[in-house]
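A.B. asks: Residue numbers (full-length UniProt numbering), protein chains in the order written: chain A, 1 to 340; chain B, 1 to 340.
Backbone N, C-alpha and C define an ideal beta-carbon position, used for all residues, glycine too.
There are 2 protein chains.
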Amino acid sequence: MTTILNRQVHLVRRPQGAPVPGDFRIVDRPVPVPGEGELLLRNLYLSLDPYMRGRMNDSHGSYAPPYALDAPPGGGTVARVVRSRLDGFAEGDLVVAPDGGWQSFALSDGTGLRRLPNDMAQPSQALGVLGMTGFTAWWGLTAIGRPQAGETLVVSAAGGAVGSVAGQIGRLLGCRVVGIAGGAGKCRQVVEDLGFDACLDHRAPDLAGRLGEAAPDGIDIYFENVGGAVREAVWPRLNTDARVPVCGLVSGYNGVTEDAGGIHALLLSLIVKRIRLQGFLNADHLDSFPDFERQMRGWLDTGQLHAPETIVDGLDQAAAAFVGLFEGHNTGKLVVRLSD
Amino acid sequence: MTTILNRQVHLVRRPQGAPVPGDFRIVDRPVPVPGEGELLLRNLYLSLDPYMRGRMNDSHGSYAPPYALDAPPGGGTVARVVRSRLDGFAEGDLVVAPDGGWQSFALSDGTGLRRLPNDMAQPSQALGVLGMTGFTAWWGLTAIGRPQAGETLVVSAAGGAVGSVAGQIGRLLGCRVVGIAGGAGKCRQVVEDLGFDACLDHRAPDLAGRLGEAAPDGIDIYFENVGGAVREAVWPRLNTDARVPVCGLVSGYNGVTEDAGGIHALLLSLIVKRIRLQGFLNADHLDSFPDFERQMRGWLDTGQLHAPETIVDGLDQAAAAFVGLFEGHNTGKLVVRLSD
Numbered sequence: 001m002t003t004i005l006n007r008q009v010h011l012v013r014r015p016q017g018a019p020v021p022g023d024f025r026i027v028d029r030p031v032p033v034p035g036e037g038e039l040l041l042r043n044l045y046l047s048l049d050p051y052m053r054g055r056m057n058d059s060h061g062s063y064a065p066p067y068a069l070d071a072p073p074g075g076g077t078v079a080r081v082v083r084s085r086l087d088g089f090a091e092g093d094l095v096v097a098p099d100g101g102w103q104s105f106a107l108s109d110g111t112g113l114r115r116l117p118n119d120m121a122q123p124s125q126a127l128g129v130l131g132m133t134g135f136t137a138w139w140g141l142t143a144i145g146r147p148q149a150g151e152t153l154v155v156s157a158a159g160g161a162v163g164s165v166a167g168q169i170g171r172l173l174g175c176r177v178v179g180i181a182g183g184a185g186k187c188r189q190v191v192e193d194l195g196f197d198a199c200l201d202h203r204a205p206d207l208a209g210r211l212g213e214a215a216p217d218g219i220d221i222y223f224e225n226v227g228g229a230v231r232e233a234v235w236p237r238l239n240t241d242a243r244v245p246v247c248g249l250v251s252g253y254n255g256v257t258e259d260a261g262g263i264h265a266l267l268l269s270l271i272v273k274r275i276r277l278q279g280f281l282n283a284d285h286l287d288s289f290p291d292f293e294r295q296m297r298g299w300l301d302t303g304q305l306h307a308p309e310t311i312v313d314g315l316d317q318a319a320a321a322f323v324g325l326f327e328g329h330n331t332g333k334l335v336v337r338l339s340d
Numbered sequence: 001m002t003t004i005l006n007r008q009v010h011l012v013r014r015p016q017g018a019p020v021p022g023d024f025r026i027v028d029r030p031v032p033v034p035g036e037g038e039l040l041l042r043n044l045y046l047s048l049d050p051y052m053r054g055r056m057n058d059s060h061g062s063y064a065p066p067y068a069l070d071a072p073p074g075g076g077t078v079a080r081v082v083r084s085r086l087d088g089f090a091e092g093d094l095v096v097a098p099d100g101g102w103q104s105f106a107l108s109d110g111t112g113l114r115r116l117p118n119d120m121a122q123p124s125q126a127l128g129v130l131g132m133t134g135f136t137a138w139w140g141l142t143a144i145g146r147p148q149a150g151e152t153l154v155v156s157a158a159g160g161a162v163g164s165v166a167g168q169i170g171r172l173l174g175c176r177v178v179g180i181a182g183g184a185g186k187c188r189q190v191v192e193d194l195g196f197d198a199c200l201d202h203r204a205p206d207l208a209g210r211l212g213e214a215a216p217d218g219i220d221i222y223f224e225n226v227g228g229a230v231r232e233a234v235w236p237r238l239n240t241d242a243r244v245p246v247c248g249l250v251s252g253y254n255g256v257t258e259d260a261g262g263i264h265a266l267l268l269s270l271i272v273k274r275i276r277l278q279g280f281l282n283a284d285h286l287d288s289f290p291d292f293e294r295q296m297r298g299w300l301d302t303g304q305l306h307a308p309e310t311i312v313d314g315l316d317q318a319a320a321a322f323v324g325l326f327e328g329h330n331t332g333k334l335v336v337r338l339s340d
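#1: B/Arg274 touches chain A at which residues, Cβ-Cβ below 9 angstroms?
#2: Note down, in chain order, every chain B residue with its Cβ under 8 angstroms from the Cβ of A/Gly252.
#3: Taking A/Arg14 as the reference, give the member of A/Glu192, A/Gly279, A/Gly255 with the closest Cα.
#4: Assuming B/Lys186 and B/Thr331 make a contact with CB atoms under 8 angstroms, what is their CB distance in whole Å?
#5: Would you tell me roughly how many angstroms separate the C-alpha atoms of B/Leu46 and A/Gly150, rounded to the nearest one?
#6: Could one say the Cβ of B/Gly145 lies closer than 8 angstroms to chain A's Cβ atoms, at least one of them?
#7: Please identify the residue among B/Gly35, B/Trp235, B/Asn225 whose C-alpha is closest to the C-alpha of B/Asp109.
#8: Short check: CB of A/Pro72 to CB of A/Gly54, under 8 angstroms?
#9: May I ask you to list, following chain order, the residues of the stretch 151 to 168 of chain B that have a beta carbon less than 8 angstroms from some beta carbon of chain A?
#10: Here's the rule: buried if 16 or more other CB atoms are within 10 angstroms of the residue's CB, otherwise exposed. What is A/Ile221?
#11: Where does A/Thr310 fall in DSSP's three states?
#12: Taking only the alpha-carbon atoms, compute the straight-line gap between B/Gly92 and B/Leu116 and give it to the nearest angstrom.
#13: Closer than 7 angstroms by beta-carbon distance: list the chain A residues that pair up with B/Leu238, in chain order.
#14: What residue ranges within the stretch 130 to 159 of chain A form continuous alpha helix (DSSP H) runs of no fewer than 4 residues, ordered along the chain?
#15: Evaluate the contact criterion for the stretch 172 to 192 of chain B versus the stretch 143 to 161 of chain B: three or more CB pairs, one atom per stretch, below 8 angstroms.
#16: Starting from the C-beta of B/Leu325, find all residues in its chain whose C-beta is less than 7 angstroms away, skip the five residues before and the five after it, and write them out in chain order.
#17: Count the CB pairs spanning the stretch 133 to 143 of chain B and the stretch 263 to 277 of chain B that are closer than 8 angstroms, and state whether there are at least three.
#18: Against chain A, which members of the stretch 185 to 202 of chain B pass a CB distance test of less than 7 angstroms?
#19: Contact between the stretch 213 to 230 of chain A and the stretch 155 to 174 of chain A is defined here as three or more beta-carbon pairs at a separation below 8 angstroms; is this criterion met?
#20: Between the Cα of residue 411 of chain A and those of A/Leu130, A/Gln168, A/Ile144, A/Asp28, spot the shortest distance and give me the residue it belongs to.
#21: Which word fits A/Glu327, buried or exposed, when buried means at least 16 other C-beta atoms lie within 10 angstroms of its C-beta?
#22: Does DSSP put B/Gln317 in a helix, a strand or coil?
#23: Is A/Ser251 near A/Gly212, with beta carbons less than 8 angstroms apart?
#24: With a 10 Å radius around its C-beta and 16 neighbouring C-beta atoms as the bar for buried, classify B/Gly129 as buried or exposed.
#25: Could you check whether A/Ala64 and A/Ala106 sit closer than 8 angstroms to each other, using their CB atoms as the reference points?
#26: If A/Phe322 and A/Pro19 are in contact, beta carbons under 8 angstroms, what's the gap, nearest whole angstrom?
#27: Quick one: what's A/Asn254 bridged to in DSSP?
#28: Mind checking if A/Ile271 is an interface residue toward chain B, Cβ cutoff 8 angstroms exclusive?
#29: From the DSSP output, read off the bridge partner residues of A/Ser84.
#30: Can you tell me the Cα-Cα spacing of A/Asp87 and A/Ala126, whole angstroms?
#31: Assign B/Thr302 to buried or exposed, taking buried as 16 or more other Cβ atoms, counted over all protein chains shown, within 10 Å of its Cβ.
#32: Could you check if B/Ala282 is buried or exposed, using at least 16 other CB atoms within 10 Å of its CB as the buried criterion?
#33: Against chain B, with Cβ distances strictly below 8 angstroms, would A/Val246 count as a contact?
#34: Measuring alpha carbon to alpha carbon, tell me which of A/Pro216, A/Ala229, A/Tyr253, A/Gly248 ends up nearest A/Asn239.
#35: Enumerate in chain order the residues of its own chain whose CB-to-CB distance from A/Phe196 is below 6 angstroms, with the five nearest sequence positions on each side excluded.
#36: Pull up the CB-CB distance for A/Leu305 and A/Leu338, whole angstroms please, since I reckon it's below 8 angstroms.
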């Protein structure tokens with residue numbers, strides 16, 4: 001008889017620059033026992049996201065506390081209730097656990113759990129297009145970007161989990177959508193599979209010049225996931241009254257930035273072009289989640305919205321997958337499958 | 001008999017760095033003769049504003065074309081119609097001419113003229129608190145800043161034309177208002193005459209530390225007129241969900257900036273604190289001008305709003321006054337009186 005253990009990935013060292021596999025370690029622990037008022041969850045899918053890099057720093061000026069060392073980092077999971085000592089939940093229930101973490105099992109007192117249909121066909125979508133990732137794209141684009149039909153939307157990290165959704169929503173709302181992504185192959189996918197009007201490889205020369213050709217009427221909305229040299233190329237082409245939802249700055253999350261411009265020039269451009277630049281966090285706007293779900297499900301069900309996923313098998317692969325996230329290995333939402 | 005001439009101040013050289021008197025020259029020209037459909041205006045007051053510095057550059061990436069050399073710069077004036085060949089205007093009418101310019105007389109075809117009561121007691125206020133200056137403060141603060149009672153508002157260039165109004169409006173709307181200005185004497189005026197809760201001298205040491213004491217609950221709105229080192233001191237104290245109307249960046253208008261921070265850190269702070277940063281131009285929002293006027297007149301008439309002015313006598317003093325604008329010589333609105 002095999003003893004079932006709680007496999008965890010621990011953060012054992014704070015990454016210096018880009019994360020490397022040695023920053024993590026696989027650890028097996030006993031499966032925890034739920035107390036009165038608690039649930040034991042078996043994690044089925046773990047979401048891997050760039051924001052996690054910030055929380056791996058000790059002092060990072062972020063909006064959430066740093067992850068502890070020698071413990072599994074937090075992270076959203078889709079999980080099955082395997083034991084319930086909490087009213088209102090039964091064994092077999094499928095939920096999204098906002099902090100299920102990098103581990104096979106988790107305890108929960110029910111806080112923040114979101115129920116899913118127990119027979120949901122693709123539960124990993126509850127982390128991606130129908131989860132916080134999709135919600136981030138939807139809220140940032142609609143509430144801050146405020147797209148109007150005929151406008152030009154540029155999305156950086158267009159092949160990533162948020163960017164791939166933000167660009168598609170822009171298309172569905174009538175924008176001309178230009179993606180920026182790393183690599184010719186990924187750019188091809190963004191155009192052919194996701195229906196962007198164009199996608200530019202930021203690794204090829206003269207991004208600024210190609211952007212001028214791809215966005216001949218200038219840029220009305222820039223959905224910012226990246227920062228750095230990509231932002232620099234976009235900035236001079238922003239139109240008057242442009243909106244810039246600042247969702248992420250992944251180019252700098254590892255501590256290296258390539259943006260050569262000065263703050264004065266940046267701020268001056270806000271006046272000259274009446275630009276609105278606004279950072280946001282999905283967690284602040286959860287009252288809009290039902291509206292988001294309704295609209296996105298409609299588009300998904302009619303096949304108008306595509307939800308690319310990169311699914312990695314097994315918690316043992318989580319660290320390598322996370323490392324690859326900063327090298328652009330994934331297309332669409334990156335999730336780790338822990339169990340069926 | 002004296003021939004009346006049209007005295008003009010010409011821009012004869014594009015300023016390098018801070019403007020100097022030698023960049024300007026007094027020139028006397030014949031008074032122009034209005035054609036059919038034109039008015040001859042006699043300028044009574046000329047508005048001097050920091051934005052003019054940008055338009056004195058040849059290529060400045062601004063929102064308006066550069067001023068021509070060997071001609072009077074544009075600029076708002078209060079003017080009296082002295083000859084009318086345009087229906088609807090009569091001799092003696094008092095108007096605001098948005099581009100009356102640095103000269104004693106101007107022609108107008110009526111475009112953009114705003115009528116004033118012919119017996120207006122303090123017509124210079126139509127350039128300041130009741131004109132574009134006041135409107136800039138009002139629109140930026142109310143539409144972008146969205147002040148709520150009990151919030152903390154910080155205003156840079158608090159003794160200047162826009163800042164002195166923005167801070168007072170903040171007070172009237174129930175905010176705690178902290179000004180930042182250059183010099184102990186000006187700071188005293190801002191507190192004693194304008195009713196700011198506090199005013200910090202940015203020339204004295206440790207602005208950041210004093211700001212922490214003056215804004216113990218952090219900063220909800222930063223009305224940005226200055227940029228540079230002042231912005232740097234403000235930034236770490238911005239609260240979550242802060243709003244930053246970007247009205248001006250006068251610290252850099254002469255080509256020197258002192259802001260040492262990087263763009264990545266600035267943009268990251270927008271996400272971490274969900275900051276909204278938005279540049280604006282008063283001219284885009286003139287449909288709100290009647291609302292502005294109604295509210296401001298109410299506050300002025302009841303003595304709740306003070307309208308400090310620095311009035312310089314004679315066009316011959318315009319260049320020196322403009323030079324002094326960047327050295328902080330004026331308190332409140334700076335206008336040149338050309339005629340009674």
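C.D. replies: Once the coordinates are examined:
#1: What you label residue 274 of chain B is simply residue 274 of the second sequence in a count that begins at 1. Ordered by position in chain A, the residues that pass the 9 angstroms Cβ test against B/Arg274 are Tyr63, Gln278, Gly279, Phe280, Leu281, Asp284.
#2: Taking the first residue of the first sequence as position 1, residue 252 of chain A is located at position 252. Here the neighbours are His264, Leu268.
#3: Counted from its first residue, the first sequence places residue 14 of chain A at position 14. A/Arg14 has its Cα closest to that of A/Gly255, out of A/Glu192, A/Gly279, A/Gly255.
#4: Taking the second sequence and counting its residues from 1, one reaches residue 186 of chain B at position 186. Taking the second sequence and counting its residues from 1, one reaches residue 331 of chain B at position 331. Rounded, the Cβ-Cβ distance is 6 angstroms, consistent with contact.
#5: Counted from its first residue, the second sequence places residue 46 of chain B at position 46. Counted from its first residue, the first sequence places residue 150 of chain A at position 150. Taking the straight line from one Cα to the other gives about 42 angstroms.
#6: Residue 145 of chain B sits at position 145 when you count from the first residue of the second sequence. Chain A, which has no Cβ nearer than 8 angstroms to the Cβ of B/Gly145, makes this no.
#7: To locate residue 109 of chain B, count along the second sequence from 1; it is residue 109. Comparing Cα-Cα distances from B/Asp109 to each of B/Gly35, B/Trp235, B/Asn225, the minimum goes to B/Gly35.
#8: Looking up residue 72 of chain A in the first sequence gives position 72. Looking up residue 54 of chain A in the first sequence gives position 54. No.
#9: none
#10: Position 221 of the first sequence, counted from the first residue, corresponds to residue 221 of chain A. Counting Cβ neighbours within 10 Å, A/Ile221 comes out buried, since at least 16 surround it.
#11: The sequence position of residue 310 of chain A within the first sequence is 310, counting from 1. Note: A/Thr310 maps to strand in three-state DSSP.
#12: As a first step, residue 92 of chain B must be located in the second sequence, where it is residue number 92. As a first step, residue 116 of chain B must be located in the second sequence, where it is residue number 116. So the two alpha carbons sit approximately 11 angstroms from each other.
#13: Here the question's residue 238 of chain B lines up with position 238 in the second sequence. Near B/Leu238 there are no residues of chain A at all, since even the closest Cβ is about 11 angstroms away, more than 7 angstroms.
#14: 132 to 139
#15: yes
#16: Residue 325 of chain B sits at position 325 when you count from the first residue of the second sequence. Counting only Cβ-Cβ distances below 7 angstroms, and skipping sequence neighbours, we find Leu48, Pro50, Leu334.
#17: no
#18: none
#19: yes
#20: Because residue 411 of chain A is not part of the residues shown, which for chain A are 1 to 340, the question remains open.
#21: Locating residue 327 of chain A in the first sequence gives position 327, counting from the first residue. Under a 10 Å Cβ-count criterion, A/Glu327 is classified as exposed, with fewer than 16 other Cβ atoms of the shown protein chains found around its own Cβ.
#22: Counting from 1 along the second sequence, the entry for residue 317 of chain B is found at position 317. Note: B/Gln317 maps to helix in three-state DSSP.
#23: On the first sequence, residue 251 of chain A is found 251 positions in, with the first residue counted as 1. On the first sequence, residue 212 of chain A is found 212 positions in, with the first residue counted as 1. For A/Ser251 and A/Gly212, no; Cβs fall outside 8 angstroms.
#24: Position 129 of the second sequence, counting from 1, holds the residue named residue 129 of chain B. Rather than Gly, the amino acid found at residue 129 of chain B in this sequence is Val. Result: buried.
#25: Residue numbering aside, residue 106 of chain A sits at position 106 when the first sequence is read from its first letter. Residue numbering aside, residue 64 of chain A sits at position 64 when the first sequence is read from its first letter. For A/Ala106 and A/Ala64, no; Cβs fall outside 8 angstroms.
#26: If you number the first sequence from 1, residue 322 of chain A lands on position 322. If you number the first sequence from 1, residue 19 of chain A lands on position 19. Yes, A/Phe322 and A/Pro19 are in contact; Cβ-Cβ is about 6 angstroms, under 8 angstroms.
#27: Numbered from its first residue, the first sequence carries residue 254 of chain A at position 254. DSSP, once it has assigned bridges, lists no residue as partnering A/Asn254.
#28: What you label residue 271 of chain A is simply residue 271 of the first sequence in a count that begins at 1. Using beta-carbon distances, A/Ile271 counts as an interface residue toward chain B, with a partner under 8 angstroms.
#29: Locating residue 84 of chain A in the first sequence gives position 84, where the first residue counts as 1. The partner list for A/Ser84 (beta bridge, DSSP) reads A/Leu39.
#30: Counting from one through the first sequence, the residue named residue 87 of chain A turns up at place 87. Counting from one through the first sequence, the residue named residue 126 of chain A turns up at place 126. Looking at the two C-alpha atoms, the distance is approximately 23 angstroms.
#31: Mapped onto the second sequence, residue 302 of chain B falls at position 302. Classification of B/Thr302: exposed, given that the 10 Å Cβ count is below 16.
#32: In the second sequence, the residue the question calls residue 282 of chain B occupies position 282. The residue asked about is misnamed: residue 282 of chain B is Asn in this sequence, not Ala. The Cβ neighbour count for B/Asn282, taken over all protein chains shown within 10 Å, is at least 16; the residue is labelled buried.
#33: As a position in the first sequence, residue 246 of chain A is number 246, starting the count at 1. So yes, A/Val246 belongs to the interface.
#34: Locating residue 239 of chain A in the first sequence gives position 239, counting from the first residue. Selected option, being the one with the closest Cα: A/Pro216.
#35: The count along the first sequence starts at 1 and reaches residue 196 of chain A at position 196. Cβ within range, chain order: Gly167, Val177, Gly179, Val190.
#36: For the purposes of this step, residue 305 of chain A is taken as the residue at position 305 of the first sequence. For the purposes of this step, residue 338 of chain A is taken as the residue at position 338 of the first sequence. Between A/Leu338 and A/Leu305 the Cβ distance is about 26 angstroms, and since that is not below 8 angstroms, they are no contact.
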